[in-house]
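Report on the following structure.
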Amino acid sequence: MDSLTPQDATAAIEPPPLPPRVWKFWGTALWGLLIFAAMFVGQVTVIVWRIVAQGGEVSTAGITHVVADGLTISLSVLAGLPMVLLVLWFAIRRTRIPFADYLGLRGTSWKNVIIGIVALVVLVGAWDMVSRAAGREVSPGFMGDVLKSAQEHSALWLLVIAFAVAAPLWEELFARGWLYRGWSESALGPYGAILLSSIVWTVMHLQYDWFFLCQVLTIGLLFGYLRFRTGSTWLTILLHGLNNFAATIQTWWLAG
Numbered sequence: 666m667d668s669l670t671p672q673d674a675t676a677a678i679e680p681p682p683l684p685p686r687v688w689k690f691w692g693t694a695l696w697g698l699l700i701f702a703a704m705f706v707g708q709v710t711v712i713v714w715r716i717v718a719q720g721g722e723v724s725t726a727g728i729t730h731v732v733a734d735g736l737t738i739s740l741s742v743l744a745g746l747p748m749v750l751l752v753l754w755f756a757i758r759r760t761r762i763p764f765a766d767y768l769g770l771r772g773t774s775w776k777n778v779i780i781g782i783v784a785l786v787v788l789v790g791a792w793d794m795v796s797r798a799a800g801r802e803v804s805p806g807f808m809g810d811v812l813k814s815a816q817e818h819s820a821l822w823l824l825v826i827a828f829a830v831a832a833p834l835w836e837e838l839f840a841r842g843w844l845y846r847g848w849s850e851s852a853l854g855p856y857g858a859i860l861l862s863s864i865v866w867t868v869m870h871l872q873y874d875w876f877f878l879c880q881v882l883t884i885g886l887l888f889g890y891l892r893f894r895t896g897s898t899w900l901t902i903l904l905h906g907l908n909n910f911a912a913t914i915q916t917w918w919l920a921g
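Following our numbering, the numbering of the sequence shown begins with 666 at its first residue and continues without gaps.
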C-alpha cells in the first residue's frame, strides 16, 4: 500500500486558491466613496495646515481665504494623490487581481494616442467656439486668479504639476480606472459605466458653472469611450494631462 509523505498530506488538504474577482456595482460604489473620502481628508489636512501656518483661525472665513490661494490649491491637489492610491491598493488587493491590470494601466499604440489627441482638440475647440459665440469666457474666471496667486508665491511651477500631473492621475485612476472597471462588469455594461462614471467625474467639478460642467461631461464621455475601445487608462491620463496643461497655458495667456 502506498504511503503519503507529510508534504503529500499537506498538499492533499490544502484548499484551492480563490479565483480573482472584480467588484461589481455596489462594491465599486462603496469603495469609490471611501476613495473620494480619503482624497478629501488629504486635501482638507493641507488646508487646515495652511490656515494654522498663517496664524489664522479654522473657520469658514479662514477656509474661504486660504482655498483661494494658488499655493494651497496646488498642495491640496498633490496631497490627494497618495490618499487615492492607498485606498485603491487596499480595495484592489482584495480582488486578487494585479493593481495595474485592474485599473487598465497598460500601454497603447501611437495611433490611438493621435486619435485621442485629435478627438480632444476637436471637442474642446467646438466648446470654445460655442463659448465665444455666446459671449462667455473661454476659461473659468477663478482660474486666472488662482494662477496669479500661485505666481505671487513663486509656486506657478507647483500649480502646473498639480493640475497637469497629479489631478489627471488620481481623477483618471478613480473614474476611468476604478469606477469604469467595476461598473462595466455589472449590469450597467460598458456604455452604462461610461455614462455613470462621467457623471460622477463631472460632479467632482462643481466649482464650475453649468456651461463648463457640460464641457467636463462631454470630455468625460470621450475619455470613457477611449478607455473602453483601447483598454488603456494611461491614454486617458495622458489626454487629461495635456488638456489641463493646455487650459492652464490658455488661462495664463488670457489673464495677461
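Idealized CB from N, CA, C, for every residue including glycine.
Practice prompt. Could you round the C-beta distance between residue 847 and residue 688 to whole angstroms and report it? I think they count as a contact, below 8 angstroms.
Written response: In the sequence shown, residue 847 corresponds to position 182, counting from 1. In the sequence shown, residue 688 corresponds to position 23, counting from 1. The Cβ separation is near 4 angstroms, so the contact holds.
Fill in: Assumed close pair residue 824, residue 735 - CB separation to whole angstroms, cut-off 8 angstroms
Within the sequence shown, numbered from 1, the residue matching residue 824 stands at position 159. Within the sequence shown, numbered from 1, the residue matching residue 735 stands at position 70. Their Cβ separation, rounded to whole angstroms, is 6 angstroms, which keeps residue 824 and residue 735 in contact under 8 angstroms.
Worksheet item: Between the Cα of residue 863 and the Cα atoms of 903, 767, 798 and 892, which residue gives the shortest distance?
Response: Mapped onto the sequence shown, residue 863 falls at position 198. Ranking the options by Cα distance to residue 863, first place goes to 892.
Fill in: Cα-Cα separation, residue 744 to residue 850
The residue given as residue 744 occupies position 79 in the sequence shown. The residue given as residue 850 occupies position 185 in the sequence shown. Taking the straight line joining both Cα atoms gives about 31 angstroms.
Worksheet item: How long is the line joining the alpha carbons of residue 747 and residue 860, rounded to whole angstroms?
Response: In the sequence shown, the residue the question calls residue 747 occupies position 82. In the sequence shown, the residue the question calls residue 860 occupies position 195. Their Cα atoms are separated by approximately 27 angstroms.
Practice prompt. List the whole-angstrom C-beta distance separating residue 811 from residue 757, where the pair is believed to meet the contact cut-off of C-beta under 8 angstroms.
Written response: Your numbering for residue 811 matches position 146 in the sequence shown. Your numbering for residue 757 matches position 92 in the sequence shown. Between the beta-carbon of residue 811 and that of residue 757 there is about 33 angstroms, and that puts the pair past the 8 angstroms contact cut.
Worksheet item: Hey, would you say residue 841 sits closer than 7 angstroms to residue 888, going by beta carbons?
Response: Taking the first residue of the sequence shown as 1, we reach residue 841 at position 176. Taking the first residue of the sequence shown as 1, we reach residue 888 at position 223. Yes. Within cutoff.
Practice prompt. Using the Cα positions of residue 801 and residue 900, report the straight-line distance between them to the nearest angstrom.
Written response: The count along the sequence shown starts at 1 and reaches residue 801 at position 136. The count along the sequence shown starts at 1 and reaches residue 900 at position 235. One C-alpha to the other measures close to 31 angstroms.
Practice prompt. With a cut-off of 8 angstroms on the beta carbons, I'd call residue 781 and residue 904 a contact; round off their distance for me.
Written response: Position 116 of the sequence shown, counted from the start, is the residue given in the question as residue 781. Position 239 of the sequence shown, counted from the start, is the residue given in the question as residue 904. Residue 781 to residue 904, Cβ: 5 angstroms. Contact.
Worksheet item: Alpha carbon to alpha carbon, how far is residue 822 from residue 912?
Response: Along the sequence shown, one-based indexing puts residue 822 at 157. Along the sequence shown, one-based indexing puts residue 912 at 247. So the alpha carbons of these two residues sit roughly 15 angstroms apart.
Worksheet item: So what does DSSP say about residue 873, is it helix, strand or coil?
Response: For the purposes of this step, residue 873 is taken as residue 208 along the sequence shown, with counting starting at 1. Here residue 873 sits in coil by DSSP.
Worksheet entry | Own chain, CB closer than 7 angstroms to residue 948, minus 5 neighbours either side, in chain order | In the structure as shown, the chain starts at 666 and stops at 921, and residue 948 therefore has no counterpart that could be examined.
Worksheet item: Could you give the distance in angstroms between the alpha-carbon of residue 865 and the alpha-carbon of residue 873?
Response: As a position in the sequence shown, residue 865 is number 200, starting the count at 1. As a position in the sequence shown, residue 873 is number 208, starting the count at 1. Distance between the alpha carbons of residue 865 and residue 873: 14 angstroms.
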